[in-house]
Structures are given as C-alpha cells and as structure tokens.
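In our numbering, the protein residues as written are 9 to 264.
Written out below as structure tokens is the structure these notes cover.
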Amino acid sequence: MAARPTHTRSAPVRRVLAADRPDALWDMERSLRRRGFEAIAGADEAGRGACAGPLVAAACILPAGKRGRVPGLADSKLLTAATRERVYEEIVQRAVSWSVVVLPVEDLDARGMHVTNIEALRRAVSLLDPGPDYVLTDGFPVPGLTRPGLAVWKGDRVAACVAAASVLAKVTRDRIMLDLHQRWPEYDFAGHKGYITDVHSAALERHGPCPEHRMRFVNVRAARDAHAARVTGSPGMVDDGAMRPESRALTSTEDR
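This is the structure:
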C-alpha cells in the first residue's frame, strides 16, 4: 500500500520561506495582486506591551515592483535602531501612502489596551491617501474597515507592507520616548522606551509613576500607592510592607 502524502500547514511553510529566501517578504502581496488587489496596506502598532508612553499605530502601502523593495526592510524588532532609522527614511520616500497615529496614555487608561489598539489601527488605515484595496494587519482583526482584509500572525515577518508599518510605528514611538526622557530623565525612557526592565522598575519604586505611566498596569499602580505611602507617612491603597507577591507581578491587567 502506497504511503499517504503528508501535508504541511501553510503558516509554518511561510515562516520558513521568509527566513530562507530574501524576497519571501513580498510573497503575500504578490499573491494578492494576482487576485486583483493592487494597493495593499499593512498596519501595525508599537508600544502595546509598554507600561509607559503612548501607543503608536502606522499603516503603509508600498508600490509594486522594484520601487517597493525597500532595502533592509524587516520586522522592526529584528533591526538595530540605526537600521530602523535608515529603513524609515526609505519607506517614507518610496511609499504610495503612509500614516501614523499616536494615542496618549490618557486614552489607554480610559478605554483599555485592546480597544485603543484596534481604534488606532483603524484610524491609521483610514488616513491613507490614496487608500488601499486590501488591508493586512499584524495579529488582530480590525472591524470597521471599508476594505477587505486579513489579520496575519506575525505579519511583520511575512508581509512587506506590515513590516514597513512596524518600522514607521517603532521609529515614531522611539523618538517620542527620547523626548519624554528629556522631561523625566530619572526613568531612563531613552534606554527601555517605557517597557518593564529592572532599571525601570527600580525608578518606579524610587520616584513613583510620572504622568506618562499607564495606570492599568499592576506594577505602576503598586508603585504609585507605595510611593504615596512613603511621602505621606501613611499606608496607601497597597501597603508596601505587606504587598502580596501577586501584587508585585510586572504585568498588565490587560491582555498585551
């Protein structure tokens, strides 16, 4: 009896191709163009997992052909800061259209991370002019778009337009965090960009949060209450001396 053919799921195959073939990052857009979608937008965000600073979303349509082959383009998290800056400049020069949306900490605290994230992506896509025929988003479906679209797992590693959006969002947010570092140097925002590190946690314990910290994060609220108790000499909402281990967890109350 002949052996049955084996089948491999498409997502792992795509990850292998993206890692092994230099032009694989453009495969998804080529496939969509063969189906009649010419202007393909990618959308991604930066700062979702940070406990300080804004959320930044970006959208981008790259041209077909050689002009859309941005040198050095990749998932922004895989690039050095210097390379991201260089790729950013290439993207803004080559893109058919691109947009960036910055949502402040106040929005994140008022509405929650997931709702704010989806709204930021939707707004970034809506600002594209000319607009897209099809939209690829990184990880999350975005309801309310006026064009067909697809949420792609790790889209910034398998679709060029999403990778371009990730670079636009990351570079924009990093620049903002450098500015915030000038206002609050004691937190070292220039180093960790608002994400949770040992240095950031120590600064929170020492100084308490600043207005750019997200109060929906457990560690930020705990630092606020502990700092207030030390300053006033009376217990805050969380007693620093009797803080439960779970209260010290450096995690957000939201699904990042």
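We treat Cβ as the ideally placed atom computed from N, Cα and C, and that holds for glycine.
Local Cβ density within 10 Å of residue i, reported as buried at 16 or more and exposed below that
{"i": "K201", "result": "buried"}
{"i": "L176", "result": "buried"}
{"i": "E53", "result": "buried"}
{"i": "W161", "result": "exposed"}
{"i": "G73", "result": "exposed"}
{"i": "L40", "result": "buried"}
{"i": "R92", "result": "buried"}
{"i": "T88", "result": "exposed"}
{"i": "V207", "result": "exposed"}
{"i": "G80", "result": "exposed"}
{"i": "D31", "result": "exposed"}
{"i": "L136", "result": "buried"}
Selection from the options that minimises the alpha carbon distance to residue i
{"i": "G152", "options": "P62, E46, V123", "result": "V123"}
{"i": "S209", "options": "A67, C59, W161", "result": "C59"}
{"i": "R42", "options": "D206, F197, D141", "result": "D141"}
{"i": "G139", "options": "C218, T145, W106", "result": "W106"}
{"i": "V170", "options": "V226, T88, A103", "result": "A103"}
{"i": "A173", "options": "E98, R75, I184", "result": "E98"}
{"i": "G50", "options": "R191, S134, H221, D233", "result": "S134"}
{"i": "T154", "options": "A89, F148, L63, V143", "result": "V143"}
{"i": "L188", "options": "R214, P112, D137", "result": "P112"}
{"i": "V109", "options": "L129, G120, E93, L212", "result": "L129"}
{"i": "V64", "options": "P71, L70, R56", "result": "R56"}
{"i": "R224", "options": "N125, K85, G120", "result": "G120"}
{"i": "P217", "options": "I204, Y203, H235", "result": "H235"}
{"i": "V2", "options": "D83, G76, L33", "result": "No answer is possible for residue 2: it lies beyond the span of the chain, which begins at 9 and ends at 264."}
Identity of the residues DSSP links to residue i by a beta bridge
{"i": "Y142", "result": "I48"}
{"i": "S105", "result": "I69"}
{"i": "F148", "result": "DSSP lists no partner for F148."}
{"i": "A159", "result": "T145"}
{"i": "E53", "result": "A65"}
Three-state secondary structure (DSSP) of residue i
{"i": "I69", "result": "strand"}
{"i": "R17", "result": "Low local confidence applies: a pLDDT of 33 at R17 is under 50, so the model's placement there is unreliable, with the coordinate-based value given in what follows. The answer is coil: DSSP assigns R17 none of H, G, I, E or B."}
{"i": "A58", "result": "coil"}
{"i": "V100", "result": "helix"}
{"i": "L87", "result": "coil"}
{"i": "V113", "result": "helix"}
{"i": "V170", "result": "helix"}
{"i": "V78", "result": "coil"}
{"i": "T205", "result": "coil"}
{"i": "D182", "result": "helix"}
{"i": "D187", "result": "helix"}
{"i": "D196", "result": "coil"}
{"i": "E220", "result": "coil"}
Residue i versus residue j - alpha carbon distance
{"i": "V95", "j": "A167", "result": "15 Å"}
{"i": "D182", "j": "V228", "result": "21 Å"}
{"i": "T145", "j": "A237", "result": "44 Å"}
{"i": "F45", "j": "R38", "result": "9 Å"}
{"i": "I184", "j": "I48", "result": "28 Å"}
{"i": "P62", "j": "D117", "result": "11 Å"}
{"i": "D196", "j": "P219", "result": "15 Å"}
{"i": "L212", "j": "D115", "result": "21 Å"}
{"i": "P156", "j": "V78", "result": "25 Å"}
{"i": "A230", "j": "H215", "result": "12 Å"}
{"i": "V150", "j": "L158", "result": "9 Å"}
{"i": "P71", "j": "R232", "result": "48 Å"}
{"i": "W192", "j": "A90", "result": "24 Å"}
{"i": "D35", "j": "R165", "result": "11 Å"}
CB contact below 8 Å: residue i versus chain B
{"i": "A58", "result": "Absence of chain B from the displayed structure is noted, only one protein chain being present."}
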